[in-house]
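K.L.:
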Amino acid sequence: MEQGASQSAIAEHVSTKLSVEQQGVLTQALLNTNSSVVHGVTVSSVLLSTEGFINGLAAVAQDALELSGSDVMLLAVVYDAKSSKRSTKSPLRTSAISKYFAKQKLTKSMLDAEAWKGGEDALKRRRIRAAFNRRDLDGSGYLDRSEVKMCLSNSGVVASDEAISSVMSELDLDSDGKISYSEFQTFVEKVEREHHTQESQTGKRAATMIIIGRVKTGVNLKHVNLNKLFQAYGGGGHAKAASASVRLSDETEADGILDTLVVELVKTSLQAQPTVGDFMTAPVLSAKPEMTEKQVEDLFTRYDVRALPVVNDNNEVIGLVTYKEVAAAKERLWNKEQKKLRNENNKKHKANKHKPPGEQQKPKQRKLGSALKGWMKQHVRIVEAGMTMAGGEKLLME
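FYI, the numbering for the sequence shown is 733 to 1130, going by our numbering.
1) Compute the distance between the beta-carbons of A1039 and E983, then report whether it is under 9 Å.
2) Ends of the beta strand (DSSP E) at R979?
3) DSSP state of R946, grouped into three classes?
4) So, with DSSP's three-state summary, where would you put A1059?
5) Alpha carbon to alpha carbon, how far is K960 from I860? Give it in angstroms, no decimals.
6) For L1065, does the three-state DSSP call read helix, strand or coil?
7) What do you reckon, are the CB atoms on A1019 and P1041 nearer than 9 Å?
8) Can you tell me whether N1131 is buried or exposed? The criterion is at least 16 other CB atoms within 10 Å of its CB, across all chains shown.
9) For the alpha helix (DSSP H) containing A790, name the first residue and the last one.
10) Once DSSP output is grouped into helix, strand and coil, what is the label at A1131?
11) What's the call for R946, buried or exposed, on a 16-neighbour Cβ count within 10 Å?
12) Using beta-carbon positions only, say whether I944 and S912 come within less than 9 Å of one another.
13) To the nearest angstrom, how far is the alpha carbon of L884 from that of G968?
14) Thinking C-alpha only, which one of T782, A986 and D812 is nearest L758?
15) Out of curiosity, what's the CA-to-CA distance linking Q917 and Q963?
16) So which of V773, N787 and L806 has the shortest CA-CA distance to L762?
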């Protein structure tokens, strides 16, 4: 915001397909993204904290990539797996913001709320039941393998079959191939006890970190492989779209992990790019503005090219001509000549109707063709020899 970002303007571009929670994450991501340009590639990363797990972060990362104008986006979200809250807190990773979380405390108004009737244990049971029901997509009362896989996918975690089997074996206590509510509750309570014990012993606050990466296509990004990058943290996916889920013994570890990923990405995947001057053709074949359609077409045929710059006497580029302009100009010229011939034939026929053959008018010979300057492309963009290959590719795609 201090740099002139408008939260209302950003909100206008937030996809309506995103939930309110996802829109909140996207807004914070756009406001707090850290970007650097390395060899012509814009690498962006942002680390946020939420009070609970939020579904659909993969869609948020894709929107952040597109709306921020980045080439590479690493979105990391850290949350307390025990929390029943789901709103977005302050960003963890900005240039002037502390790297530590502010712990959330229960207020008297929360304790007096309807959800708290029956005490904290009743609230915890309601929270666990709600979490189970959200994952029980078919309402069967059980979580099967496909629902576990869908849950991981919705959170942006690309899990292998082995990883899913490991999750199932840990939760499925009776080995019947499905997870009942009681098994789900037992697992959640076990994890919470372990977290509580760890926090009591170490004074650290355990958390879960979801990292989602997205990469645009382009010649300058062909060496970026997020799947390989995230494997160090048990993640995976595709070269241009991958994710990882990391259990943190202390939530302050998140910043170091994200920094490590960014450094490794730059070090192994981004290379100095060749410039236009490295691969352009020189000296440049060109056309003159006074050339006719036939003369330009002869140049195309002789040198096997489909486009030429048009230069003046000072060798300055004043336009561009392609085979499309030549074809269109030839067609206009042919139509124009046919019309003139018809008019002349009609006039000659009337004038020679009552004249002897020796006195009849002969058709006039006229120069065919029109000057290139009248039908070439104008207002063309000039590319400097120092522009990178990616920059040239971007111009060609516009």
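Note that the Cβ used here is the ideal one computed from N, Cα and C, for glycine as well.
P.N.:
The structure says:
1) Within the sequence shown, numbered from 1, the residue matching residue 1039 stands at position 307. Within the sequence shown, numbered from 1, the residue matching residue 983 stands at position 251. No. Outside cutoff.
2) Along the sequence shown, read from residue 1 onward, the residue named residue 979 stands at position 247. It spans A973 to L980 - the beta strand (DSSP E) in which R979 sits, taken as one unbroken run.
3) Taking the first residue of the sequence shown as 1, we reach residue 946 at position 214. Reduced to three states, the DSSP call for R946 is strand.
4) Translated into positions along the sequence shown, residue 1059 becomes position 327. Residue state, collapsed to three classes: helix.
5) Translated into positions along the sequence shown, residue 860 becomes position 128. Translated into positions along the sequence shown, residue 960 becomes position 228. So the two alpha carbons sit approximately 35 Å from each other.
6) Within the sequence shown, residue 1065 is the residue found at index 333, counting from 1. Three-state result, L1065: helix.
7) Taking the sequence shown and counting its residues from 1, the one referred to as residue 1019 is at position 287. Taking the sequence shown and counting its residues from 1, the one referred to as residue 1041 is at position 309. Yes, the pair counts as a contact, with Cβ atoms nearer than the cut-off.
8) Here the chain has residues from 733 to 1130 only, and residue 1131 is not among them.
9) For the purposes of this step, residue 790 is taken as residue 58 along the sequence shown, with counting starting at 1. In this chain, the alpha helix (DSSP H) harbouring A790 covers L789 to S800.
10) Residue 1131 is absent from the structure shown; the chain starts at 733 and stops at 1130.
11) Along the sequence shown, one-based indexing puts residue 946 at 214. Per the 10 Å Cβ criterion, buried.
12) For the purposes of this step, residue 944 is identified with residue 212 of the sequence shown, where counting begins at 1. For the purposes of this step, residue 912 is identified with residue 180 of the sequence shown, where counting begins at 1. Result no, Cβ atoms of I944 and S912 do not sit closer than 9 Å.
13) The residue given as residue 884 occupies position 152 in the sequence shown. The residue given as residue 968 occupies position 236 in the sequence shown. Taking the straight line from one Cα to the other gives about 12 Å.
14) Counting from 1 along the sequence shown, the entry for residue 758 is found at position 26. Per the C-alpha coordinates, the member of T782, A986 and D812 positioned closest to L758 is T782.
15) Locating residue 917 in the sequence shown gives position 185, where the first residue counts as 1. Locating residue 963 in the sequence shown gives position 231, where the first residue counts as 1. C-alpha separation (whole angstroms): 30 Å.
16) Looking up residue 762 in the sequence shown gives position 30. By alpha-carbon distance to L762, the top candidate from V773, N787 and L806 is L806.
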